[in-house]
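Count the sequence shown with the working numbering and you get residues 8 to 246, in order. By construction, the Cβ of each residue, glycine as well, lies at the ideal position given by its N, Cα and C atoms. Given the structure is predicted, the values throughout are model-derived calculations rather than measurements. Okay, so here's the structure we're looking at.
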Amino acid sequence: MSVTEIAPDIYRISTFVPEIDMQFNQFLVRDDEPLLFHAGHRAMFPLVRDAVASVIDPSKIRWVGFSHFEADECGALNEWLQVAPNSQPVCSMVGALVSVNDFAARPAKGMSDGEVLHTGRYRFRLLHTPHVPHCWEAGLLFEEENKVLFSSDLFHQNGDVEPLTESDVIGRARKTLVDNQAGPFANYMPYTQHTDQTLRRLADLKPKTIAAMHGSAFTGDGERALRDLAVVMREVLAS
Ligand SMILES: [Fe+2]
Ligand SMILES: [Fe+2]
């Protein structure tokens, strides 16, 4: 377990699982209304809660956000809602209406594409990105003050890699996609007629930091990284 501040008051909490050679990351934003992006697995909840407690009082969390309805994204959602009595899930409108409002102990704030959530100093724009990285309800948050893109499974890199890097992560992300194609996780992400356009839209945001759920966060030319990722995803997934 490691906790690293990857941008001002934005902390990456990371757990490496050696059996599958993969990190699971959550991102904690310290602000007037603290936000946790990715609830994490239920089984990891005690570990992640203790990591959050090294930065803020976990009961003060106001928002628990995530991209799509999967166990690593939101398995521990109800544990967080219990530990933080004023907290509420936040996700895409489709996510809220289709799954989260049924699963969660309290209803979600379902956000429309382009809608902004203000947490104090920071503001988060919800990009509804159906099937990018995957699932109909997929959404990503973009923090506009520091230009941090919370990219969920995009830029997934296997291995016990460094918390934050300025080096190109595209080679590692490509290797992970290629390796997945040869095993039980083949077709991890779909490649649809909307994929390239969605990635170009993300690139146009010109992120300075990309907070990936699995692997290192990247700081640098995020626009370039996303355009490179679009090429890699077409190469690996579209054939
Ligand atoms: Fe996923
Ligand atoms: Fe994931």
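A distance below 6 Å between beta-carbons, with the five flanking residues on each side excluded, links N85 to the following residues of its chain, in chain order: A112. K116 and Q95 have their C-alpha atoms roughly 7 Å apart.
Taking the Cβ of H75 as the reference point, at least one heavy atom of ligand 1 falls within a distance shorter than 7 Å. Per the Cβ contact rule, the segment 174-185 is not in contact with the segment 146-154 (fewer than 3 Cβ pairs under 8 Å).
By the C-beta criterion, the segment 219-229 is judged not to be in contact with the segment 193-202, since fewer than 3 inter-stretch pairs fall below 8 Å.
In this structure, Q30 sits near D167, with a CB-CB distance shorter than 8 Å.
In this structure F76 is not in contact with E122, their Cβ atoms being roughly 19 Å apart against a cut-off of 8 Å.
Between R132 and F149, the gap from beta carbon to beta carbon is short of 8 Å.
In the three-state DSSP reduction, N93 falls in the coil class, being neither helix nor strand.
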